[in-house]
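In what follows, a single structure is set out as structure tokens and then discussed.
2 protein chains.
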Amino acid sequence: MARTTGSDGEKTEAAVRQAAVSLIARYGYEAMSMRQLAAEVGVQAAALYRYFPTKEDLLFTLMREHMEGLREAWEQARPVGADPAEQLAAYVRNHIAFHIERRHATHVSNMELRSLSPDRLTQILRMRTAYEKELRSILRDGAEAGAFSIDDTGLTAMALIQMMTGVIVWFRPGERLSITEVTATYLSMTMRLVGATTTGEERHVHEHAQLRA
Amino acid sequence: MARTTGSDGEKTEAAVRQAAVSLIARYGYEAMSMRQLAAEVGVQAAALYRYFPTKEDLLFTLMREHMEGLREAWEQARPVGADPAEQLAAYVRNHIAFHIERRHATHVSNMELRSLSPDRLTQILRMRTAYEKELRSILRDGAEAGAFSIDDTGLTAMALIQMMTGVIVWFRPGERLSITEVTATYLSMTMRLVGATTTGEERHVHEHAQLRA
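Written out as structure tokens, the structure reads:
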């Protein structure tokens, strides 16, 4: 659809996307009707179809934009010319910050893949794989440089991503820990998990060994 | 309901539970109708209500039995009188094995909490908390004994549980890795993440330091 409707149209489209994310996160995609969504936004159901000809177009748009946003956030956050440990730290910080800010959209993206057509499912999974590949390549670079000690790069990448995305399940702003504290702890767990040699603790062991030598 | 229907009734009830797990995992709880479930099992919708008077009774039963099963599996698996590292290893092995065997039921238990009444939600969350508390207490015992090095016991427990449960998202039997290999790699990542001093690698560092001394 050409965006001839100007800024009102764009505002409506954004309102539709936002309401859809909330409704799908709450009731599930299959249970949400376009009629219910229109009522939530305060427009006629027919108006929705100008933006999203089918309900699946809407779901696909939400998921594609979620992945595009994640990819763009990482492009912005990635440190150029940094060593693997710094790259990994940037990946962890960006991943946690991005998902905490988009808790409902993350639930939708993780849970409703089953409702995409095979073609679109493939597109979304390709975007995910490309994003996860960035992490695998940081891990591999670190292992080759002797900065990390990793048994299986693929499994380590999945374990880290699921551990980090899991933050959205229990984290609520204003409770015991701030985002900064949570991120610092996850960063420290990540560095241990990959056997990073540049953490304070490991350096201490190394220095200790040298002192005794 | 008294189980006066004998073994046929029990078989039907089990078939209902199994079909419900598949349908909910596929379409979501809100989207599944009792009529659809009855058709899947091959009984009249009225027959379902003998076992589960409401759709939410069914959902609650599925979630409660999942948590009871997990708790029982852990009671069987926990090593009596073992040190924290052995306890942790047993927890990891049991958690991964239990969830890989019950992939759909795990999805249902994790995704459909929103559809429980507040009272029943509290019951399920209490069972979860009790199970997670077992892990926190192993981590705390290990930290106090100097066997683990942990920043935040609560966050470490959540990170480990989400990392381990995440296996069901990507693991499929018969692909690159066996359950045994996946479990061994997760066990090794867990031990690093908690800074365990008794892993082979750490022992090696220690011996190396002594040799050089």
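So the sequence lines, in the order shown, correspond to chains A and B.
Quick note: the first sequence uses the numbering used here, first residue 1, plus one each step.
Quick note: the second sequence uses the numbering used here, first residue 1001, plus one each step.
Glycine residues also receive a C-beta, built at the ideal position from the N, C-alpha and C atoms.
Completely contained alpha helix (DSSP H) runs for the region 28-84 of chain A, where each covers 4 or more residues:
34-41, 45-51, 55-77
Distance between A90/A and T180/A (C-alpha atoms, nearest Å):
13 Å
Nearest CA to the CA of H104/A: which residue from T1106/B, H1099/B, M1111/B, E1101/B?
M1111/B
Can you tell me whether V21/A is buried or exposed, with buried defined as 16 or more other CB within 10 angstroms of its CB?
buried
Taking T1165/B as part of the alpha helix (DSSP H), name the residues at either end of that continuous run.
1153-1165
Kindly list, in the order they appear in chain A, the residues whose Cβ is closer than 7 Å to that of R1192/B.
R192, L193, G195
Could you check whether L160/A and V92/A sit closer than 9 Å to each other, using their CB atoms as the reference points?
yes
Any chance you could list the alpha helix (DSSP H) runs of at least 4 consecutive residues sitting entirely within the region 1081-1157 of chain B, in chain order?
1084-1101, 1103-1111, 1118-1144
Is the CB of G1200/B under 9 Å away from at least one CB in chain A?
In this prediction, G1200/B scores a pLDDT of 43, lower than 50, which makes its location untrustworthy; no coordinate-derived value is stated.
I need the DSSP call for A15/A, collapsed to helix, strand or coil.
helix
Are there 16 or more other CB atoms within 10 angstroms of the CB of P84/A, so buried, or fewer, so exposed?
buried
Selected residue, minimal CA-CA separation from S989/B, among Q1018/B, E1065/B, A1097/B
No statement about residue 989/B is possible, as the shown extent of chain B runs from 1001 to 1213 and does not include it.
For E144/A and T1185/B, what's the separation of their Cα atoms in angstroms?
19 Å
Between the Cα of D1008/B and those of R1172/B, M1191/B, A1025/B, V1043/B, spot the shortest distance and give me the residue it belongs to.
V1043/B
Does E1010/B come out as helix, strand or coil in the three-state DSSP assignment?
helix
Would a C-beta distance cut-off of 9 Å place V182/A and G142/A closer than the cut-off?
no
What's the gap between the Cα of E1175/B and the Cα of I1100/B?
14 Å
Under 7 Å Cβ to Cβ from L70/A, same chain only, skipping five residues before and after it: list those, please.
F98, Y131
Contacting positions in the region 21-47 of chain A - beta carbon closer than 9 Å to chain B
A25, R26, Y27, G28, Y29, E30, A31, M32
Of all the options E1056/B, E1086/B, V1169/B, K1011/B, which has the alpha carbon lying nearest to the alpha carbon of V1041/B?
K1011/B
Run through DSSP, which three-state label would R1192/B get?
helix
Give me the chain A residues within the contact set of L1135/B, using Cβ-Cβ distance strictly less than 7 Å, ordered along the chain.
Within 7 Å Cβ-Cβ: nothing; L1135/B doesn't reach chain A, min ~14 Å.
Of the residues M1063/B, Y1029/B, L1048/B, which one's Cα is nearest the Cα of Q1123/B?
M1063/B
So which residues on chain A does S1188/B lean against when the C-beta distance must stay under 7 Å?
D151
State the DSSP-derived secondary structure class of S1022/B, mapped to helix, strand or coil.
helix
With 16 other Cβ atoms within 10 Å as the buried cut-off, status of T106/A:
buried
Short CB-CB distance (under 9 Å) between A2/A and chain B
Interpretation of A2/A is limited by its pLDDT of 48, a score under 50 that renders its predicted location unreliable; the figure taken from the coordinates is listed afterwards. With 9 Å as the cut-off, A2/A does not count as an interface residue toward chain B.
Quick one: grab the DSSP three-state call for L1177/B.
coil
Determine the direct distance from the alpha carbon of D152/A to that of T1190/B, and round the result to whole angstroms.
13 Å
Three-state secondary structure assigned by DSSP to T1261/B:
Any property of residue 1261/B remains undetermined from this structure, which presents chain B solely from 1001 to 1213.
Residues of chain B with a CB under 8 Å from the CB of A15/A: which are they?
Simply none; closest approach about 23 Å.
Give me the Cβ distance between L1059/B and L1116/B, rounded to the nearest whole Å; I'm assuming they're in contact under 8 Å.
7 Å
Buried or exposed, going by whether 16 or more other CB atoms sit within 10 Å of the CB of S1109/B?
buried
Answer yes or no: does any C-beta atom of chain A fall closer than 9 Å to that of L1155/B?
yes
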